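Since the structure comes first, as structure tokens, the remarks are kept for the end.
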Amino acid sequence: GASGNISVRVGERTYMSPTGVSLGELRAQELSVMAADGTQLGGLRASKEYPLHAAMYAKDPEAGAVIHLHSAQAMAASCLPPASERSALPPVTPYLVMRVGRVPHVGYAPPGSVELGEELSRVEGLFHGALLANHGLIVTGRDMDQALDRAVEVEEACRLYVQLFGAPARWLSDDDVAVLTERHGTPW
1 GASGNISVRV GERTYMSPTG VSLGELRAQE LSVMAADGTQ LGGLRASKEY PLHAAMYAKD
61 PEAGAVIHLH SAQAMAASCL PPASERSALP PVTPYLVMRV GRVPHVGYAP PGSVELGEEL
121 SRVEGLFHGA LLANHGLIVT GRDMDQALDR AVEVEEACRL YVQLFGAPAR WLSDDDVAVL
181 TERHGTPW
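Residue numbers are given in the UniProt record's numbering: position 86 of the sequence shown equals residue 86, and the series is strictly consecutive.
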């Protein structure tokens, strides 16, 4: 669909929303079934974003679900310079730090390209969400519920970042972030 795509990993298979199907109207029998090597095993034609999802699963081995969205606030924030070398978003709220952790900036590559997955793979360290330059957000979760919670949290942090961009804002201090990441086990 035009709004983004979702996938769930079960063992060696990934079940993904197919190309051209609205997420709001998606039925289980329409899901694309993908093998670990990227071969389509069944369902409707796979989304062109499969390489991006595969790269995200490789970055977060505990992930059971991936959501990629072209949501308005994430699209806007993805067009801004990254807040720091480690994260596209500053630690705007404790909830972003606790539920998602850092949200790295992934350099631009055309949507659906192998290069986009490669750009994501080049980001160092563990992360559960990222902003794709001029393209939106991608998040993981142990299941679809957690991935959705993280997508909502990133979208809200993007909204705040866009509203505050260039203003003298107070972000959480390094000490604040350290306490939260240690307590909640999120990467920053």
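Heads up, the beta-carbon is just placed ideally off N, CA and C, and yes, glycines get one too.
Quick caveat: nothing in here was measured; it's all calculated off a predicted structure.
Report the option in the options whose CA atom is closest to the CA atom of residue i.
i, options, result
"valine 154", "Thr14, Ala83, Leu137", "Leu137"
"glutamate 124", "Met56, Gly141, Pro81, Arg99", "Met56"
"tyrosine 50", "Asn5, Gly11, Ala28", "Asn5"
"arginine 159", "Gln73, Ala54, Glu30", "Gln73"
"glycine 117", "Ala77, Trp171, Glu182, Gly38", "Gly38"
"methionine 98", "Gly42, Val8, Pro82, Gln146", "Gln146"
"leucine 89", "His184, Leu172, Val179", "Leu172"
"glutamate 85", "Leu131, Ser113, Ala109", "Leu131"
Would you list the residues sitting across from residue i in a DSSP beta bridge?
i, result
"tyrosine 15", "Val8, Val33"
"valine 139", "Ile67, Gly129"
"histidine 105", "Leu131"
In the structure shown, what three-state DSSP assignment does residue i receive?
i, result
"glycine 42", "strand"
"valine 100", "coil"
"glutamate 49", "coil"
"leucine 172", "coil"
"cysteine 79", "coil"
"aspartate 145", "helix"
"threonine 186", "coil"
"leucine 120", "helix"
"alanine 88", "coil"
"arginine 150", "helix"
"glutamate 156", "helix"
Is the Cβ of residue i closer than 8 Å to any Cβ of chain D?
i, result
"arginine 99", "Looking at the structure shown, chain D is missing, and only one protein chain is on hand."
Am I right that residue i and residue j are in contact with their C-beta atoms under 8 Å? What's the rounded C-beta distance?
i, j, result
"glycine 101", "histidine 135", "About 20 Å; that fails the 8 Å criterion."
"valine 103", "serine 87", "5 Å"
"valine 177", "proline 81", "No, valine 177 and proline 81 are not in contact; Cβ-Cβ is about 20 Å, not under 8 Å."
Buried or exposed: which applies to residue i, given that a residue is buried once 16 or more other Cβ atoms fall within 10 Å of its Cβ?
i, result
"glycine 24", "exposed"
"serine 3", "exposed"
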